[in-house]
Amino acid sequence: MLKTQEMRDNAGTGDVQLSLCQNVPISGAVIVTSPQAVAVSDTQRGIQMLNKLKVPIYGLLENMSEFICPNCGHRSPMHANEDQDKDQEGNLSGGIKLARTAGLELLGRIPFDPRLIGCCDSGRPFFATFPQSELAQIYRGLATRILQFQARRSDRDSQNTN
Numbered sequence: 691m692l693k694t695q696e697m698r699d700n701a702g703t704g705d706v707q708l709s710l711c712q713n714v715p716i717s718g719a720v721i722v723t724s725p726q727a728v729a730v731s732d733t734q735r736g737i738q739m740l741n742k743l744k745v746p747i748y749g750l751l752e753n754m755s756e757f758i759c760p761n762c763g764h765r766s767p768m769h770a771n772e773d774q775d776k777d778q779e780g781n782l783s784g785g786i787k788l789a790r791t792a793g794l795e796l797l798g799r800i801p802f803d804p805r806l807i808g809c810c811d812s813g814r815p816f817f818a819t820f821p822q823s824e825l826a827q828i829y830r831g832l833a834t835r836i837l838q839f840q841a842r843r844s845d846r847d848s849q850n851t852n
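FYI, the numbering for the sequence shown is 691 to 852, going by the working numbering.
Here is the structure:
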């Protein structure tokens with residue numbers, strides 16, 4: 691039989707992030723979730739914590755939004771629907787919905803590419819091995835957007851101190 695404590699949110703969820711925010715100057719955070727409801731629920735708590743700590747949130751990424759076949763490049767939603775933005779009932783994916791309800795910019799949807807696992811397991815850098823892959827392009831674009839966000843924030847901060 692499960693104890694009541696086991697059914698509630700337990701201490702420890704988000705402890706690492708909380709400690710980081712309290713002890714290290716954080717210029718901003720990128721929220722990462724996957725399309726599943728349970729992941730979105732955990733991610734919502736993380737967003738609430740960052741908002742309470744006044745940590746700027748650059749935006750939200752949806753990880754594992756779809757599967758890209760390494761042989762033919764065919765794309766399949768990871769949540770079993772032909773419409774990659776929606777689930778079987780026609781509802782928006784968890785990441786898209788969360789970005790909208792939390793008022794965050796959707797920075798992107800990262801597909802699952804099994805070649806990444808192969809590279810990690812063999813010690814080869816994915817982005818050097820597959821520099822023209824869609825995944826590499828997504829990450830380069832994401833890095834550019836985060837740097838731009840940080841530059842805009844730095845400009846605002848310097849204007850506010852003058």
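Even glycine gets a Cβ: it sits at the ideal position worked out from N, Cα and C. Since this is a predicted model, take the numbers as computed values, not measurements.
Under a 10 Å Cβ-count criterion, residue 803 is classified as buried, with 16 or more other Cβ atoms of the shown protein chains found around its own Cβ. Three or more Cβ pairs closer than 8 Å define a contact, and the region 796-812 falls short of that threshold against the region 735-746. In terms of Cβ geometry, residue 788 and residue 750 form a close pair [threshold 8 Å]. The three-state reading of DSSP puts residue 739 in helix, counting H, G and I together. Closest in alpha carbon position to residue 842, among 746, 752, 707, is 746.
Counting only residues of its own chain and dropping the five nearest sequence neighbours on each side, residue 792 has a CB closer than 6 Å to the CB of 737.
When the five nearest sequence neighbours on each side are left out, no beta carbon in the same chain lies closer than 7 Å to the beta carbon of residue 713. Within the same chain, and ignoring the five residues on either side of residue 748 in sequence, the residues whose Cβ sits closer than 6 Å to its Cβ are 718, 720, 836, 839.
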